[in-house]
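What the sequence shown shows, in the numbering used here, is residues 281 to 430, in sequence order. Structure, as structure tokens:
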Amino acid sequence: MGIEQVPASSVGAYAILRQMAEGLTLGEAAKAIGVSVDTLRRWDRAGKLTTSRDARNRRVVSVEEVRRLTARPNRHETGTRLSARNRFPGVVRSVEIDGVMALVEIEAGGFLVTAAITRDSVSELGLAEGVEATATVKATSVMVETGGRT
């Protein structure tokens, strides 16, 4: 059965199957991984990427290799339907209310987390000294410091 006899809707499927059996071109693999073709060439020379050659002597990347390079590490789940992943369960140490705002200090393990929230939130959540609470942090900027320098 020649390709001319295959229904038009199936031609694309045959091409994809043939391509997967042979592997992806560097351009296709680069697009799938999200890097440049030059990066893949460098990775190939450095041994970070396994390629083979097709009948036309072009570099080909296997589907398994693309999957390996696009695999993401398993990350912890929040356990809730909230997107923030940094959760610090603890006990309210103090609540200072001033006007419409309040400062709530939560002792979470060996750390103190201070949250500036509204007076209404303190009331609605029933926050007071000794109440169990979880500080949840979602930030676009997190600073990291090493010991020894102040």
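Cβ atoms here follow ideal geometry from the backbone N, Cα and C, with glycine treated the same way.
Check whether the Cβ atoms of residue i and residue j lie closer than 8 Å to each other.
i      : j      : result
ALA309 : SER316 : no
LEU329 : GLU345 : yes
GLY406 : ALA388 : no
VAL380 : ALA413 : no
LEU320 : LEU306 : yes
ARG339 : ARG333 : yes
LEU349 : ILE377 : no
ALA335 : VAL417 : no
Whose C-beta lies closer than 6 Å to the C-beta of residue i among residues of the same chain, with five residues either side of it excluded?
i      : result
VAL393 : PHE368, ILE386, ALA415
VAL411 : VAL372
VAL422 : none
Helix, strand or coil for residue i per DSSP?
i      : result
VAL402 : helix
VAL384 : strand
ASP378 : strand
ARG373 : strand
LEU407 : coil
THR394 : strand
VAL424 : coil
ARG339 : strand
Can you give me the start and stop residues for the alpha helix (DSSP H) that residue i sits inside?
i      : result
VAL317 : 317-326
VAL343 : 343-350
GLU308 : 306-313
Here's a check: name, in chain order, each residue in its chain whose Cβ is nearer than 7 Å to the Cβ of residue i, leaving out the five neighbours to either side.
i      : result
SER374 : GLU385, GLU409
ILE397 : ALA382, VAL384
THR331 : ASP324, ARG339, VAL340, VAL341
What are the start and end residues of the beta strand (DSSP E) that includes residue i?
i      : result
SER332 : 331-333
ALA364 : First-last for ALA364: undefined, no H or E at that position.
ALA413 : 412-417
To which residues of the same chain is residue i closer than 8 Å at the C-beta, ignoring the five residues directly before and after it?
i      : result
ILE296 : With a pLDDT of only 48 at ILE296, under the threshold of 50, the placement of this residue in the model should not be trusted, and no figure is reported.
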